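*Asks:* In the UniProt record's numbering, the protein residues as written are 1 to 106. The C-beta atom is built at its ideal place from N, Cα and C for all residues, glycine as well. Only a predicted model underlies this, so the values are computations on that prediction, with no experimental measurement involved.
#1: When we look at the beta-carbon of residue 38 and count the other beta-carbons within 10 Å, is it buried (16 or more) or exposed?
#2: Can you tell me whether residue 62 is buried or exposed, with buried defined as 16 or more other CB within 10 angstroms of its CB?
#3: With DSSP as the reference, label residue 52 as helix, strand or coil.
#4: Whole angstroms is fine: what's the gap from residue 28's alpha carbon to residue 22's?
#5: How many Å lie between residue 80 and residue 42 at the Cα?
#6: Along the chain, where does the alpha helix (DSSP H) containing residue 10 start, and where does it finish?
#7: Any idea what DSSP makes of residue 2, helix, strand or coil?
#8: Assuming residue 48 and residue 66 are in contact, meaning their beta carbons sit under 8 Å apart, how far apart are those beta carbons, in whole angstroms?
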């Protein structure tokens, strides 16, 4: 694996990690809404899809994470994650923000 990430990858990964720390600090029992839980699950799923491209074995290693998130979505009565293609990529095109929003990535 290279020591330097492609343009935008390292910065965005750092921003995701920073945002996750802030979310952890703010979250707690009784502080979650349905929309917030769905957004957090989507962020984890999308990050896992991106990380799956880091190594040929990564998709198999990350599979239990997707299974756990699907189970969490069921327990929280959230809609299921977007379906995947045969290659394991999301069926719907990439979007900016939550997939409920319509703004498309350039």
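*Replies:* If we stick to the structure as given:
#1: To locate residue 38, count along the chain shown from 1; it is residue 38. When all chains shown are included, residue 38 counts as buried.
#2: Along the chain shown, one-based indexing puts residue 62 at 62. With 16 or more other Cβ atoms within 10 Å, it is buried.
#3: The residue given as residue 52 occupies position 52 in the chain shown. In this structure, residue 52 counts as helix in the three-state DSSP scheme.
#4: Translated into the one-based positions of the chain shown, residue 28 becomes position 28. Translated into the one-based positions of the chain shown, residue 22 becomes position 22. Residue 28 and residue 22: Cα-Cα distance of roughly 12 Å.
#5: Residue mapping note: residue 80 aligns to position 80 of the chain shown, counting from 1. Residue mapping note: residue 42 aligns to position 42 of the chain shown, counting from 1. Their Cα atoms are separated by approximately 10 Å.
#6: Here residue 10 is taken as the residue at index 10 of the chain shown, counted from 1. Segment 9 to 26, the alpha helix (DSSP H) holding residue 10.
#7: Mapped onto the chain shown, residue 2 falls at position 2. Reduced to three states, the DSSP call for residue 2 is coil.
#8: Taking the first residue of the chain shown as position 1, residue 48 is located at position 48. Taking the first residue of the chain shown as position 1, residue 66 is located at position 66. Indeed, because the Cβ distance is near 7 Å, the residues count as touching under 8 Å.
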